[in-house]
Each structure stands twice: as structure tokens, then as C-alpha cells.
Amino acid sequence: MERNKLARQIIDTCLEMTRLGLNQGTAGNVSVRYQDGMLITPTGIPYEKLTESHIVFIDGNGKHEEGKLPSSEWRFHMAAYQSRPDANAVVHNHAVHCTAVSILNRPIPAIHYMIAAAGGNSIPCAPYATFGTRELSEHVALALKIVRQLCYNIMGLSLVR
């Protein structure tokens, strides 16, 4: 698919997350696999102001387009694609309920059939690490080798598709 169409889908996903109350302000981020890297939301721009030209390309080596700043969480998005060759998109949000559950720092058990949609018997809760760090991306990569969704301690939910 061409870049502008993918960028538009990223923006539409961000706007829908806001509409559904899954994010507030500039929280959360969305990326899609593209060429040898990914397209990802920029840092600090409210979703309702995003245009296709704001979406940032980062190559497989982690180098982003000059003059554009990617989401501070780009490392864990890259780690997700590297650990899940079948993943085509990563969506991270700060839904209040997911964030509250993640504070327990325990996996979500299979008490509902939708847990199976995550690809395992539970949804793991990755240990806390400061946002944007290599440590967080390592936690994400490890968890996503097993399942397609995970909570982060204090940081909400991510999903790969």
C-alpha cells in the first residue's frame, strides 16, 4: 500500500482511539510496517492536528526522517516488528481500565474467551520500565514472542496485528 494511504489509516486509528476514550491528549502511538522499517506517529502532535506529512518513517536500523520526531516509544514498536515477523501494525494506548489493571503487575488470566485472541492463556504484564527506553523495548520483545497483546506496568496496553 502506498505511504499516504497507510499514513491516513494511522491517523484514522488515532482519532478512533480518542473517540473511544482510549487516549487523552497526545498519549499512545500507532505504527505500521512499511518497506524495511515502519511508519509511526510523531511525538507531541495532537491527533486531531495530524496530517499524512507528520507521520514519520523509521528504517530498520532505527534512523528516522530528518526534521521529524517520531513517538518516544518508537523503540518498542521496532522491537515488536523484530520479534513478530507476522505483525503489520502496533497500537499502544493508555486506556484507563487497562492502565489500572496493569498497576497490579500480574497477567490477565483467561477468564473470558477474548483472552485467547491475544494468542495465549493470559495477557502478560511487562515489568515497568521508563517510556522510550531500550529496557522497555526489551520487555516488549520478550512478551510479544509469546502473545499478540500485553499490558505494561503503569503504561496501558499494546496490540500487534
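Residue 116 in full-length UniProt numbering sits at position 116 of the sequence shown; the count goes up by one each step and never skips. Note that beta-carbon positions come from the ideal geometry of N, C-alpha and C, so glycine has one too.
Practice prompt. Please state whether DSSP places S72 in a helix, a strand or coil.
Written response: coil
Practice prompt. Specify, as a first and last residue, the run of the beta strand (DSSP E) that L39 falls within.
Written response: 37–40
Fill in: Buried or exposed by the 16-neighbour rule on C-beta atoms within 10 Å, applied to R84
buried
Worksheet item: Any chance the region 90–104 sits against the region 54–62, with 3 or more Cβ pairs inside 8 Å?
Response: no
Practice prompt. Kindly give me the distance between the Cβ atoms of Q82 and A141, rounded to whole angstroms, as I take these residues to be in contact under 8 Å.
Written response: 7 Å
Discussion item. DSSP three-state label for V101, please.
Written reply: helix
Worksheet item: Which residue's Cα is closest to the Cα of residue 164: I103, R75, T43?
Response: Outside the modelled stretch of the chain, which goes from 1 to 161, sits residue 164, for which no answer is possible.
Worksheet item: If you run the structure through DSSP and keep just helix, strand and coil, what is Y113?
Response: helix
Worksheet item: CB E65 to CB G132, shorter than 8 Å?
Response: no
Worksheet item: In terms of alpha-carbon separation, which member of V101, H77, I111 lies closest to R148?
Response: H77
Worksheet item: Any idea what DSSP makes of N29, helix, strand or coil?
Response: strand
Worksheet item: Buried or exposed: where does residue 172 fall if 16 or more other Cβ atoms within 10 Å of its Cβ makes it buried?
Response: Since the displayed the chain opens at 1 and closes at 161, residue 172 lies outside it and no answer follows.
Item to complete: Would you check if the region 5–23 and the region 35–50 touch, i.e. whether three or more CB-CB distances between them fall below 8 Å?
Response: yes
Worksheet entry | Status (buried if at least 16 other CB within 10 Å, exposed otherwise) for T130 | exposed
Worksheet entry | Between the CA atoms of C14 and T26 - distance to the nearest angstrom | 9 Å
Practice prompt. Mark A100 as exposed unless 16 or more other C-beta atoms lie within 10 angstroms of its C-beta, in which case mark it buried.
Written response: exposed
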